[in-house]
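In what follows, a structure is listed as structure tokens, so that the remarks can point back to it.
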Amino acid sequence: MNLLNHLCYPNPTHTPTPNLNLNPNLNRSQIRPSSFGTLSFWKIICDTKLHYSYPSIFIYGHRASGKSHVMHVLLKELELPHATVSCVECVSVALLFEQVLLSFFGCDAASLLPRSASLSDFVRIYRQQCSQSPAKQTRYIVMEKAELLRDTDANLLPALLRLQELDNVTIILLSEIVWDKFRPNTGCFEPLLLHFPDYSKGELHTILSQDRHPSYSDEFYSSYINILLGVFYSVCRDLRELRHLAALNFSKFCEPLEEGKETDTHKLWRNIEPHLKKAMQTVYLREVSSVQWEQMQQTEEKENGALRGLSAHTHVELPYYSKFLLIAAYLASYNPARTDKRFFLKHHGKIRKTNFLKKNEKTSNHLLGPKPFPLDRLLAIFYSVVDSRVAPTASIFSQISSLVTLQLLTQVSHDDQLDAPKYKCAVSMDFICAISRTVNFEIVKYLYDFL
Amino acid sequence: MSTSSVSKGCFVFKPSAKKKKTLSLADHFIHGCEGAENSEKRFKLCQDLWDQIKTDTEVLQDELNRNILDSLLDFTRKCSSTRQHSDWASQMRASEIPTAALVLGVNVPDHDMTFQSLSDLLQQSVTPYVASVQAKECGALKHLIKRVLERLMGTVVTVDDEEEEEAEQTSAQHHKSVHCSLSTLCDWYNTKTKKSNTGTPGKKRSSPVRDGPQQPPVVIIFKDLEAFNPRVLQDFILICSRYIERLPLMFIFGIATSPSTIQHLLPHSVSSLLCIELFQSLSCTQHLATVIDKLILTKQFPFKLNGKVMQVLISIFLYHDFSVRKFIKGIQLALLEHFHSQPLSVLCCKKKEALLNVMQLDHLDLERIRHLLSFKRYVEKQEPREQVDLLTDDTHLKEVCQKLIKDLHKYHKNYYPILRCLHTLTSSLPRYPLGKQIRELHLICLEKNVWESEDYQSAMKLLKMLAKDELIALLQRCAEILQPAKSKKIKSALVQLEDMLTKFKQLDTVAAEPPPTVEDSITSPLKHLQKKTDLAQLQKTLLEMNESRRAKKLSPFEVLRNEALEFIDSLVKSHLSPPESQVLNEVCYYTSSATVRRHLNATPRTSIQAALNSPFYYLQNDRLKTEDGTVSNAAPDICIVYKLHLECGRLINLYDWLEAYATVVSAAEGNDPDSDNFGKVDEVKHARFIRAVSELEFLGFIKSTKQKTDHVARLTWGGC
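Laid out in structure tokens, this is it:
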């Protein structure tokens, strides 16, 4: 392992200058400046025209740490035969096999796969094709989002890891999760582990600076990125998010420049800082779409803060009885069933909270989350909560199921269970308070936690 | 059936072609319809009216949705055009999938129409590539992709013969349909757009839009976002974002609850791939208000609903489903029922036609008119000679009926403008004594004489306190409402109202110099006031001031204001009387609220209990008839078992139950009560009992329990 680690992070001073000519003009790229060292290592690993490479390599690192990009550039620059498959796209394993065969042997081979192909079909055809066109150099299969492989057939991952027994082929798994979470119970061939560390601030700066606006100079853009990172680096290190922010706020940054007022970076910083602070509140959650953000910046002088994010719109209009059904569901979810008598019976006598308390119930029910309740209890509470007499009509029941489709309630029992289905209430305290205000119902009085 | 054969045997009789003819709508209507003579005419009237209502509502719906649909169309156009731009900002954004979050409200079944017109509009003006998917058909990612591919490629493919074959091939091989992936779609899209760009336009009919953008966007509509499996949705968006460079995708999310549901469904890593813009549609209550305004509160349709039916329909809407579509269905039901059950509904049509129809009434119909409650009341008010004429002379009655029908139409002509006037005046008053919405006021007016209600009095009191500019603005709006009306009475009312308005305005110029006497009377005690400081004295003077002010002569404005309000009051009294007071109102007004309620708001449990309690209600067998609410012992087994189980507590002993059942059934069989066999359980009775009990269990009245052996638990409470 020590050796591997050493391989993974070779001291940059000891490595020869990389002769990989990475195109610096690649727009929207996630080039790792410090991975040149790693790249040279890769060159050693991958430049194996004749001898076999390592059978499987597992690369992990956070989102947007350049895993896919490095692999992509590398395999392209070295002109290695490879197949890149995104596991999220492979709704069936057959699709995965088809894509691999397609990029190695062309569509003829892919069409040989039978309908709903299994692993053995794949192996058979792969072997058959191999014998026809033997590998001149190592073939590479890159699997993005490899963590999804865990959900497929149990034999797939171990088989892929041993695919080299078929042919001179190396499988490269890209994942955001560490290998320990992959290892199947039955054991498998251990891949070569590689970790892509997060970008440092300097690296982020270099990468972000590459998205230069064509009409501005390099230094200018780079200073803008500097300011941006100064504000956001403490809260966000996601490259994608930072790039998004950089694109959004650049026009605002340039505004005084276009008006011909300022050229001094320091003054520009003064100008942009409040906007960036504002962006920190809304844009990071993508509450406001980028188009809307731009529009807002244009109209900002006129109406201040008129635009509200997605989460600000929580108001839901419901029919009258649906509101009460939801309230009843909330009460049933957060009150222990024993206490129903105290809340909904007219002459319940004086029962204090302490009488009800069991040892384990000292924690608030709101901290524990909603509990499932049967339909009967929901209806019983509903009839006692709603102020008028309601006939048990079909539409009351259909309202319950439409509340389930709207995801305000969730059905806990299985769909097939017609007899006494169980539900949970899935709305928040704030939401239910707003709902009960509209029907003049004081829900807090009926909640055991707030007694 | 007879045969010419001499021998015995089985013969097959094929139904003759004539008999096979399915019943048309009209036949269904005429069958079992009250007063069959003019039923065809009524059916035609009914259908014409319904067609008119239907087209009107469709137009209305389109109009209501126009704003939001237009902005959505703009959004799609803008998105597809910015994709082709190459400026820096839009390039930086190119990896985001443009998404419209369309908030439509909780009445999900109503959305279908909106989405239909949306996709039609999109296909007409923006892009031929529109696919809409529903959650229930996309349980897994595979199915979702398959649906999208089918809808996108299928709709366009069918036009082209060559490609249709290919599609058939694929479906025959089942090869490509299994490996449905977005890359297939991508290739297809590329060939499509390339073809339509280079191909000869005469031959290619595949894409209906010639002048559209070079790369029309591919729009995917998720009709009910909440119901989608979040996992499926996330994966789909992840896949789509991989293809966004090659395929100009666009999403439209149909949201029923609130936009924040997007954040509940999608984690940040996924939602950051979208560029979401929010579109809020009209709320359904506003929608209903417009529908009522255009459909109910108009003299255009001769068919009317009475207060109770309106109340039922509106409460179903507000309490149960928020569905405008169901509301209109309710109107349709009432319409059908009215024409079906009321023979005189033949007069429920446009005035001219109604007058003609009056002349064609036969004796039976005229007798029906004589039996109408409103007509009887009318007759009672006439002189004795006239009464005799009305009740005996058919031709005279016809003439009178024509007059009455005319009166009824006049009443409607005046009713609605005045109703609107009253609503404008009262809708802005504090605490809304006569309701916020016009439908509430309409309901009050339908029920009783509105001017006799307390709310009306308090509203009038509040109106008497209005300031001048407010009152003038309100009256001005009233005048605008009365403007288009054609009836004589309304016209004269309008003249009077305008007269008053000019007087109000003249008041400004006249009142520029207020009469000094008034000034004096107010200021003189004030002067006194400044001198005195004693609290009791102050109170006294204030009271005095109040008295004097009340007693003092009214200012010209106040006089005019009272005059105006009295005028409004007189208008209300003469025109807003409830329809029940009108003669022949039964012709136009549908009154059976119970029928509407029964049909639209079904109560399954109540009807099951009714069936079990009184089987005669459904079976119509005379033997089952009982007086005192008990079940006859000849009733079906399940009714007897049900009745017996009502007498038990929470747990029922099965054996006791069986014994009781056997006794009842023996009595029904007419066995001698003194004989040995009476009440004995034989095998048949046992089997019948078991069947009845399991039927009860199936209906959910009892269930088996482990608390006690040989017992079942009752699931309902209350006994007989």
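First to last, the protein sequences are chains G and P. Under the working numbering, the final residue of the first sequence carries the number 921; numbering is consecutive throughout. Under the working numbering, the final residue of the second sequence carries the number 1184; numbering is consecutive throughout. Ideal Cβ placement from N, Cα and C applies to all residues, glycine included.
| field | Among F702/G, S721/G, L788/G, K737/G, the one whose alpha carbon lies nearest that of K747/G | value | F702/G
| request: Determine the closest residue to Y522/G out of R585/G, L565/G, Q607/G, L544/G, with distance taken between C-alpha atoms. | output: Proximity to Y522/G across R585/G, L565/G, Q607/G, L544/G peaks at Q607/G, based on C-alpha coordinates.
| message | What would DSSP say about A904/G, mapped onto helix, strand or coil? | response | helix
| query | Whose C-beta lies closer than 6 Å to the C-beta of K772/P among residues of the same chain, with five residues either side of it excluded? | reply | S1057
| query | Hey, how far is the Cα of D625/P from the Cα of H804/P? | reply | Because the pLDDT at D625/P is just 33, under 50, the model does not fix this residue reliably, and the point stays unresolved.
| request: Kindly list, in the order they appear in chain P, the residues whose Cβ is closer than 8 Å to that of R710/G. | output: What R710/G touches in chain P: S736.
| field | Within chain P, the residues that P862/G reaches when beta carbons sit closer than 9 Å | value | T1067, P1068, R1069, T1070
| query | Under the three-state reduction of DSSP, which class applies to T1005/P: helix, strand or coil? | reply | helix
| request: Could you tell me if H785/G is buried or exposed, where buried requires 16 or more neighbouring beta carbons within 10 angstroms of its beta carbon? | output: The residue is exposed, with fewer than 16 neighbouring Cβ atoms inside 10 Å.
| query | Given R1069/P, which residues of its chain have a CB within under 6 Å of its CB, disregarding the five upstream and five downstream residues? | reply | none
| task | Leaving out five residues on either side along the sequence, give the residues of the same chain with a beta carbon under 6 Å from the beta carbon of T487/G. | result | Low per-residue confidence applies at T487/G: pLDDT is 30, beneath 50, and the placement is therefore not dependable, though the value from the model is reported in the following sentence. Counting only Cβ-Cβ distances below 6 Å, and skipping sequence neighbours, we find nothing.
| message | Quick check: what's the CA-CA separation for Q555/P versus A717/G? | response | 9 Å
| task | Return no unless some Cβ of chain G is closer than 7 Å to the Cβ of Y783/P. | result | yes
| Is the number of C-beta pairs between the segment 810–822 of chain P and the segment 1047–1057 of chain P that are closer than 8 Å three or more? | yes
| Would DSSP call V682/P helix, strand or coil? | Assignment of V682/P by DSSP, reduced to helix, strand and coil, places it in the strand class.
| query | If you draw a straight line from the alpha carbon of I494/P to that of H876/P, how long is it in whole angstroms? | reply | 30 Å
| query | Under a CB-based cut-off of 7 Å, is I703/P close to chain G? | reply | With 7 Å as the cut-off, I703/P counts as an interface residue toward chain G.
| message | Considering only DSSP beta bridges, list what M613/G is partnered with. | response | Answer by DSSP bridge pairing, in chain order: V555/G, L643/G.
| field | Proximity of C557/G and K651/G at Cβ, strictly below 7 Å | value | no
| query | Are the beta-carbon atoms belonging to S1130/P and G1113/P less than 7 Å from one another? | reply | no
| task | Note down, one range per segment and in chain order, each alpha helix (DSSP H) of at least 4 residues found wholly within the segment 789–820 of chain P. | result | none
| query | Would you report the Cα separation of S892/P and C704/P, rounded to the nearest angstrom? | reply | 52 Å
| message | Which residues in chain P have a C-beta closer than 8 Å to the C-beta of D684/G? List them in chain order. | response | What sits at residue 684/G in the sequence shown is Pro, not Asp. Here the neighbours are W552.
| field | Buried versus exposed, by CB contacts within 10 Å (16 or more), N571/P | value | buried
| field | E741/P, DSSP secondary structure in three states | value | strand
| said: In whole angstroms, give me the CA-to-CA distance for G618/P and K658/P. | reply: One C-alpha to the other measures close to 18 Å.
| the segment 863–878 of chain G / the segment 793–806 of chain G touching (three or more Cβ pairs under 8 Å) | yes
| Which bits of chain G does K606/P rub up against, with CB to CB less than 8 Å? | V561, S562
| request: Would you mind stating whether V1060/P and V755/P have Cβ atoms separated by less than 7 Å? | output: Cβ atoms of V1060/P and V755/P: not closer than 7 Å.
| Hey, how far is the Cα of N625/G from the Cα of F592/G? | Using only the alpha carbons, I get a separation of about 13 Å.
| Contact list for E709/P against chain G, beta-carbon separation under 8 Å | Those within 8 Å of E709/P in chain G number zero; the least Cβ separation is about 10 Å.
| Going along the chain, which residues of its own chain have a beta-carbon closer than 6 Å to the beta-carbon of E524/P, five neighbours each way excluded? | It is Leu, not Glu, that sits at residue 524/P in the sequence shown. Hits under 6 Å: K758.
| request: Spell out whether any CB of chain P is found under 7 Å from the CB atom of Q887/G. | output: no
| Assumed close pair A1028/P, L939/P - CB separation to whole angstroms, cut-off 8 Å | 6 Å
| Candidates M541/G, L548/G, C658/G, Y686/G: closest to C724/G by CA position | For C724/G, the closest alpha carbon among the candidates M541/G, L548/G, C658/G, Y686/G is that of Y686/G.
| query | Name the chain P residues that come within less than 7 Å of D681/G, Cβ to Cβ? | reply | M556
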